[in-house]
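Student: So the sequence lines, in the order shown, correspond to chains D and G.
Mapping of the first sequence onto this note's numbering: position 347 corresponds to residue 347, and the numbering continues sequentially without gaps.
Counting the second sequence from 1 gives a position; this note's numbering is that position plus 396.
Glycine residues also receive a C-beta, built at the ideal position from the N, C-alpha and C atoms.
Computed from a predicted structure; not experimentally measured.
Quick one: this structure, given as C-alpha cells, is what I'll be asking you about.
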Amino acid sequence: MNSPAMNRRSAARAASSALALAAAVAGGAVVLALAQAPAAAVAQDKAPARPDRVVWTEGGQQKSRADGRLSAWDWDALQYDAARKASIPATDVVEIVWGDDEDGSYSRGLRLLAEGDGAGARKAFEGSVSSRTALPNIRAWTDEFANCGLGEAWLLIGGADAGAKAADAFGKARAANAKSMITDRILKGAASAELLRKKPDAAVKAADDLAAAGKAAKRPAWELDAYLLKARIQADAGNWAGAMAAFDDASRFAESAAAAEKNEAAKARLRASGIESACGKGWAMCAKADADKSGHDQVRAYFDGLAQKYGEEPAVLGAAQNARGKVKLASGDAKGALREFAKTEVLHFRARTEVARSLWFQAEAMKALGDDAGRTARLKDLKELFPASEFARGAD
Amino acid sequence: MRAPKNPVRRFVLALTVAAASAMTAAPAMAGGSDEFDLADALSRRGYSDLAREIFETLINDPKSPPARKAEGQYGLAILAHSDAKREAGQRVEKLRKPMDQVHKLFDEADQVFAKFIEQNGAHPRALEAKLSRAKLLQDKAEYTNICIASGWLPPTMSEADARKSVAGWFDTAIGLLEENRKKAESDEKKSDGDAKLEAQDRLAIVWLFKFSSILGKVQALPRGDAGAAKAVDDLNKEYEDFLWIYSGTIRELWATKMVGTANCAVGKMSDGIGYLRAVAALNPESPEDKAAIADVVFEAFEEIGRQAADTGRKDGVDWPKEALKDFDRMAKNWPKHMDSAGGQSAALQWARCLRAAGNADAALAKVQDVAKRGEGNINVKTAAAKALGEMIQGGGGATGAVDPKLFFQVGQQAQRDGDYRKAISAFQSVIAGCDTPEQMDEWGWKAWDRISDCYFAQDRFYEAFLALDAIEQAWRKEKTRTALNDMTKESGYKRAFTLDRLFRKTKDKADETEAKRAMDEFERDHPDSDRLAGAAERNADTTYRDAIALRPKDSQGDEGVYRAALEAAIPKLANIDKTSKQWDVFQSRIADCLNRLGRTAEAVKMADDWLAAPKAATTDRAVERSRATANAQFLTLSIDGRIAAAVAAEKKGDAAAAVAGFESALATLAKNEKEIREAVNAADRLIDTWRTECLIGTGQVDKADELVDGIIKAAPDAPNSKYLAAKIGAALDRAARVYKAKEAMREFQQYMLRAAKRREWVLERTTPRNPDSLRSLGGDFADGGDYVKAESYLKEAKSMYEARASAHPAGSKEQKEELNKARSCTVDLIDLLVQQQKYDAAIPQLEEELVRDAKARAAVLARLRKDTNLTKKELKDDLIPKIDGTRNVFDKLTGAYMRAPSKERLIAAVNLIQIGLDTTPNDVKHTAPHIELTLRHAEAYLGLFNFTKSPEDGKWARAIARNLEVTGALPAYERELPGAKARWEKIVRDCDRQGIK
C-alpha cells in the first residue's frame, strides 16, 4: 500500500504546470487538488474562450458539460454549443458556471450572498455587471444574472434606499431577458424591493407578472409562488380581503395542478401547498375577525369545512382546533380557549406550524388570565421548539 | 487490536497497548533495581497488592540507600496513578466520584512524580518518571475533557477555566515527552540491528504521545489562540521529521490523522481535511493490510465528518457536502464498515453531514441503522442515542421513517433525566413512526401513556388527560382490539385520576363533574380492571379526602367541622370488607383519622398491629399497591402517633409520660428506620424531624442541637430546616431557663446564646423581617451575653416600629401602639447597659424615660430622692401625673438603683416601688410582676437600712416579709415567680442578721 506521504511526494514530482490537476494513486482514490491558478484577466478585443460548465439532472443522474459555451438560455431550454451541441431543458439545470466570469466576481457574489454578506455581494455583483462595459465580448448573461444577484444583495442590505436600488437592478434583469430561466427570482425579488419601498401595489403587480410568467413558461410552481406571494403581501398590508382572494387562487390552482401532475412526489407537494393556502385563507379571515372584533364563528366554520374536505390532514385538523380556541378567546372565555389550544399541542403535534401557533395563542390566553408565569413558559417553549417560526420571532 | 473507545482515548489506548508490549519486551532500564522491575511487572498484570508490598519494602528497608527509597516512592506513585485512572474511568453515576476528588488522586501521584524528578535528576529512572508524569497529565486532561462534555464540572469551575487547565497539563506533558523523545532519538541513532528496531519502536511511541499531547493542547485552547496556531505550525514541521523514519508504516497513518485533526482545530480546514483524506483514501488490496489499517482509516473518516459537520459552510466551501463525497467513497471501499464499531462511529458523523446538507430523512435512517447495529458497543450506543436525540430537537418529533423502538428508548432516557420536552418529542416521533396498527399496539399507545406521564410530572394535568384520552377514544372505536383493551384497564383509571387531580388544582365544578363521570365510565367499561374500586370504596375514599381537605390552615377553617368530617369518615372506611383489594390502605386511613382526632394511642396500636401482622403472599398488583401505600402510612404513623401522644402528655404536665412517649418513638424509629427510608416519600426529612423532636422530648438537647447543626449545614434550604432550627432554638431557650432557675447563670447565658444563634439563623431566612421577632431576638442575645448583637437587633426593631408609627395618622391608636413598642425597645437598649453593669450610664437614660419632660423630671426626681414619706396628695398631684414610664421602666430603673445603690437612689427605689404597687390594677395583683415588686420593696428597704441604719427602714423590710408569711402567700408566689421563696428567706435572714425586729 502507498502511504499518504509517498503519495504526496510522487504527486508533487508529477505536477509540472499550474493547471488544475486531479491524480488517482493505485489502490486508492487519493485526490490531490493543487490550487487552481487564477486565469489572467486580459483586456483584449476577444476574451479567451473559457468554457461554460453546466450541471443538470437527466434520468435521475447528474450530468455536466464543460467543453463548450451556452449560446442561448431561457426558461424553456439552454443551447450548449460544443463539438456535440445539446439542448438542455431549463427545468433540469442545477448549476451554471460562466466561463467569462473573468475575475470571478459573479461566483464570488453568489458565495457572499449565501453567507449573508450583502455588502460584499453587492460589490462583487456590481463588478460583474460593469465587466460587460469593460469587456464588450462578455455575453449578456451578466445583465440578467448579475443584476438579479445585485438586486438580492441590496435586499440583504435592506433599508428604503436599498429598495430603490434593488428594484432598479431587478428591472434591468427583467429587461435583459423577458423569458429568463430565473424569472421567479427576479420577480420575487422585485416584489420584495417594492415592499421595502412601501409600495404594496407595485409588489402585487410583480406577483401578478410572476403568475403570468409561470403560465407562459408552464411552471406551475411559479404560479403557485405568485399567488402565495400576493397573499402574503396583502396580509402584511392588512388587506384581508385581498389576502383571502389570493389564498383562494393559490389553493384552487394547487388543486388543479396536483390533479394534472403525474409525478407522485410533485403531486404530494402541490397538494400540501394547496392545504397550506387554504389554511392561510382561514388565518387571514381570523386576522380580519381580530381587527373587526367579530366574525370568529365564521372562521371556525371555515376550518371545520376544510376538515371535512381534507379529512385527516394534520395541518387542517390542527388549524380547526386552533380556530375553536380563537372563538372562545374572542368571546372572553380565555380559560376555555386555553384548553382548546392545548388540544392542538397535544393531539395534533404533526402539524408543526399549528402547534407553534397554538403556543402563541396559549400565551395570549394566559395573558388574558393574568398568568404571567404561564405566559412566559409558553413563549419559552415556542422559541425553543420552533425557533424559525414567525411566532417565535413575534415572541422576541 | 481491540476496538478502542472515543477518539483520543482510542488512540491513547492503542498506544498504551503498544507501549506496554514494547516496554515489557525491552530489557530492564540499566541501573534501576530488579525489585522495582519485578513490582512494576506485577502491577501491570494486576497484582497491585504484591507490587505495593515490594515498593513499601524498598522504602522501609533501613538498608535501602536514598535512591532506592526514592524508587519505592516512585513505584507507589505509579500505583496511585493507576488508582486515579480507575476512578476516572468510572461511569456508573452512583459510584462515580466528584471531579475534584478524582483530580486529588491524580495530583497526589503527580506530586510524587514531580518530587522524584526534582530530587533524583541523575537516577536511571528519572527520564522514565518524566514519561510517567506526562502520561498522568494526559490522563488527567482527558478525564477533565470528559467531565466538560458530560457536565460534571463543579459549580466553582467554568468551562473556560477547565479548558485552560487542560491546555496547561498537555503543555507540561509535551515538555516532558520531548525530553524522552530526544533521549529515544539519540538511542536510535547510536544503535543498530535489533537494538535499533527496538529503539525506533520506543521513539515512535514517545513521539506519537507527544503528537497526541500537542493535539490535546490545541483542542483545549480557544479558537484563534496564537499559541495554538504556533503549536500546529511546529507540529507540521515535526511531522515531516517523523516521516523520515516512519513513512510507510501504520504509525505514519496515526500521525497523519492527528496532524489533520490539529490543523482543522485551528481553522485550517483545507490542510486538515487534506491530511485526513490522505488516510481515509487508503484502500489496500490485501485483506491483511486492510484489517491492519481499518481502525485508523475509520477514525480518519469519522474526523472528516465531525470537522465538516461542526464547521458547516466556510470560506465558500460547503464542508458537509464535501464530506459526503468522502463517505460515498467509504461505502464503496469499505462496504462492511457497519460491521465494526469504528465504521459505525464514522457513519454517525456521516449522518451529521447528511443533516447539515439538508437531507434529514437520510440522516435519520443512518442514525437509526447505527443505533441498531451498534447496540452491543456502549460507546456507539451512547453516541447513537445522543444523535437520535439531536434529530428530535424542535417540536413535533422527528420527521422521516422513524424506528419506534429506538425513539421509545430515547424517550425513556429523557424521561428518566427529567428532560420532559425532549421525552415528549421522542414519544411523538414513536407515534408518528407507527405505520401499522400492530406497531401502534406495540409502541404507539405506550408512547401516548408516557406523554401523559411527562405532562403530569410538570403539573399540566389537562394536557396529561388529553394524551390518555387519545388512547381512550381509540379504544372506544375499536373495543375488540386486545392491546387497547389491556392498555385502557390502566390508562382509563389514570385518565379519571388525572381529571381528579385537575379538579383539585382548579377547584372548578365542571372539572369535578368530568372527573366523576370519567371514573363512572371506567367502572362501567372495565369491571375486571385491577384498578376498579366499588361504590362503597369510592364513597369512603371521597369522604376521607373531603375530610382531610377541611383541615384548618393559617387561621382559615373550622376545627369543629373538620373533626366531625373525620369522625364521619371512620365508619365508612371501617365498613370496607377485608376481601377488598384496597382494604389495607383504608385501614391506614382509619388510623390517620384517629391520629388527626388526637386518638393517638388507638392510631399507634393500629399501626403496630398492622406492621407486625403477617401478610399473605399475593401476585395481585392492586393488593400490592394497597399494601405499599398502607405500609408507608403505618410506618409514619407509628412514629408520628407516638410523638403526638408525648406532646399531649407534655401539655398536660405529665413529664414522665411525655419522656416515655418520646423514648418509645425513638426506639420505634431505630427499629424501622431502614424500612421507612425505603417505603416513605421524603423519609430523610421526616426522620430528621422526628429524631430532633424525640431528642428534645427526652431532654437530650445537646444531642438534638448537634443533629440539627448537621442538617442545616448540609441542606440549609431543605423544607424542614427552618422548622428544626426554630424548634431547637426553643428547646435551648427552655434549657437555659432551667439553669436560670437554679441560678447557674453561666450555663444560662451559654444556652441562651446558642438559642439566640439558632433563632437568628431562622430570622435570616424569613422575609419580611418582623420587629417583634427582632426585639425578641435582641433580648435573647442580651441574655446570652452578646450585647453587640443585642443592641443591633433592638435598634433595628425600634426603627421598624418608628417607621410603622409614621405610617399611621398622628395621634391614632395604632400609632400610639407602635410608638410604645419603639419605646420598649429604647428601654431594652438601656437595659443592656444595666446588664453590662454600666449603671451610671443607664440610670440617667431610664430617668429620662420615667419622666419625659425635662422640667418636670428634676422636680419629680428631687422628691423621689428626698425621703420615703410620700403623701397621697404628692402621689396624686405631683408624681403620678408627671410620670410617663411604663412598668418596664419602673422595673428596670428600680433594679438599676438597687444594683448601684446610694442613699438617694434607694430612697427613690422605695418610692417608685410604692408607686408601682399602689397603681397595680387588682386583676394583676399576685401575678409575677406584682410579686417581684413586693419582694423588691423589702429588699430596697433593707438596702436603705444599710445606708441609714434607721430602724424605721429596717422595720418596713421586716413587715413586708412577715406579711408574706402570715398571709400564706409564699407557696403560690413561688409558683408564680420561681425563686420567690428563696428571696423571702434571704430577706428574713438579713433582717435577723441586722437585728431588725
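Measuring only the C-alpha atoms, how far is residue 949(G) from residue 958(G)?
Tutor: Computed Cα separation, rounded: 11 Å.
Student: With a threshold of 8 Å between beta carbons, is residue 687(G) in contact with chain D?
Tutor: Chain D, which has no Cβ nearer than 8 Å to the Cβ of residue 687(G), makes this no.
Student: Rounded to whole angstroms, what is the Cα-Cα separation between residue 275(D) and residue 251(D)?
Tutor: Roughly 7 Å between the two C-alpha positions.
Student: Report the neighbours of residue 793(G) on chain D: residues whose CB is nearer than 7 Å to its CB, in chain order.
Tutor: 349, listed in chain order.
Student: What are the residues that DSSP puts in a beta bridge with residue 63(D)?
Tutor: Residue 63(D) is bridged to 56(D).
Student: If the cut-off is 8 Å on Cβ atoms, which residues from the region 701-720 of chain G count as contacting chain D, listed in chain order?
Tutor: Residues passing the 8 Å Cβ filter: 709, 712.
Student: With DSSP as the reference, label residue 80(D) as helix, strand or coil.
Tutor: DSSP places residue 80(D) in strand when its eight states are reduced to three.
Student: Using only alpha-carbon positions, find the residue among 126(D), 219(D), 159(D), 156(D) that is nearest to residue 143(D).
Tutor: Per the Cα distances, 126(D).
Student: Can you have a look at residue 1350(G) and say buried or exposed, based on whether 16 or more other CB atoms are within 10 angstroms of its CB?
Tutor: With 16 or more other Cβ atoms within 10 Å, it is buried.
Student: Does the Cβ of residue 180(D) have 16 or more other Cβ atoms within 10 Å, making it buried, or fewer, making it exposed?
Tutor: With 16 or more Cβ atoms within 10 Å of its Cβ, residue 180(D) is classed as buried.
Student: Can you check which of these residues, 802(G), 1016(G), 1021(G), 982(G), is closest to residue 1003(G) by C-alpha distance?
Tutor: It is 982(G).
Student: According to DSSP, what are the bridge partners of residue 714(G)?
Tutor: Paired residue(s): 709(G).
Student: Contact criterion: CB-CB distance below 8 Å. Does residue 316(D) meet it with respect to chain G?
Tutor: Taking Cβ atoms only, chain G never reaches closer than 8 Å to residue 316(D), which makes this a no.
Student: For residue 35(D), does the count of other Cβ atoms within 10 angstroms reach 16, so buried, or fall short, so exposed?
Tutor: Legend: pLDDT at residue 35(D) = 29, less than 50; position of this residue unreliable, value from coordinates given subsequently. Its Cβ having fewer than 16 others within 10 Å, residue 35(D) is exposed.
Student: Counting only the same chain and skipping the five closest in sequence on each side, list residues whose C-beta sits under 6 Å from that of residue 686(G).
Tutor: Excluding sequence neighbours, residue 686(G) sits near 680.
Student: Can you give the beta carbon distance from residue 570(G) to residue 609(G), rounded, assuming they're within the 8 Å contact cut?
Tutor: Rounded, the Cβ-Cβ distance is 5 Å, consistent with contact.
Student: Hey, is residue 470(G)'s beta-carbon within less than 8 Å of any beta-carbon in chain D?
Tutor: Closer than 8 Å: no.
Student: Using a C-beta cutoff of 8 Å, does residue 300(D) count as contacting chain G?
Tutor: Answer no: the Cβ-Cβ gap between residue 300(D) and chain G never drops below 8 Å.
Student: Going straight from the alpha carbon of residue 455(G) to that of residue 483(G), what length do you get?
Tutor: About 26 Å.
Student: In this structure, does DSSP put residue 949(G) in helix, strand or coil?
Tutor: Residue 949(G) falls in the strand class under three-state DSSP.
Student: With 16 as the cutoff for other CB atoms within 10 Å, does residue 1276(G) come out buried or exposed?
Tutor: Label assigned to residue 1276(G): exposed.
Student: When you compare the CB of residue 352(D) with every CB in chain G, is at least one pair closer than 8 Å?
Tutor: Yes - at least one Cβ of chain G is within 8 Å of the one on residue 352(D).
Student: Suppose contacts are defined by Cβ-Cβ distances below 8 Å. Is residue 505(G) in contact with residue 477(G) by that definition?
Tutor: Their beta carbons are under 8 Å apart, which means residue 505(G) touches residue 477(G) by this criterion.
Student: Rounded to the nearest angstrom, what separates residue 898(G) and residue 1025(G) at their Cα positions?
Tutor: Cα-Cα distance, rounded: 22 Å.
Student: What residues from the region 856-868 of chain G come within 7 Å of chain D, judged by C-beta to C-beta, listed N to C?
Tutor: Hits within the stretch, in order: 858, 859, 862, 863, 866.
Student: Does residue 856(G) come out as helix, strand or coil in the three-state DSSP assignment?
Tutor: Here residue 856(G) sits in coil by DSSP.
Student: Could you please give me the residues that DSSP links to residue 1106(G) through a beta bridge?
Tutor: BP columns for residue 1106(G) are empty, so no partner.
Student: Where residue 103(D) and residue 134(D) are concerned, what is the direct C-alpha to C-alpha distance, given to the nearest angstrom?
Tutor: Using only the alpha carbons, I get a separation of about 12 Å.
Student: Considering residue 89(D), what are the terminal residues of the alpha helix (DSSP H) in which it resides?
Tutor: Counting along the chain, residue 89(D) falls outside any alpha helix (DSSP H), though it belongs to the beta strand (DSSP E) covering 86-89.
Student: Assess, as a yes-or-no matter, whether the region 103-112 of chain D is touched by the region 63-82 of chain D under the definition of 3 or more beta carbon pairs within less than 8 Å.
Tutor: No, because fewer than three Cβ pairs between the region 63-82 of chain D and the region 103-112 of chain D fall closer than 8 Å, the two stretches do not touch.
Student: Do we get a CB-CB distance below 8 Å when we pair residue 393(D) with the residues of chain G?
Tutor: It does not; no Cβ of chain G falls within 8 Å.
Student: Determine the closest residue to residue 176(D) out of 289(D), 73(D), 310(D), with distance taken between C-alpha atoms.
Tutor: The shortest Cα separation from residue 176(D) among 289(D), 73(D), 310(D) belongs to 73(D).
Student: Do you know whose CA, among 1239(G), 625(G), 1087(G), lies nearest residue 1066(G)'s CA?
Tutor: Selected option, being the one with the closest Cα: 1087(G).
Student: Give me the DSSP bridge partner(s) of residue 95(D).
Tutor: Its beta-bridge partners are 55(D).
Student: Would you call the region 293-300 of chain D in contact with the region 254-266 of chain D, where contact means no fewer than 3 C-beta pairs closer than 8 Å?
Tutor: Not touching, per the Cβ criterion.
Student: Mind pulling the chain D residues with CB within less than 7 Å of residue 363(G)?
Tutor: The question about residue 363(G) has no answer, for chain G in this structure spans 397 to 1393.
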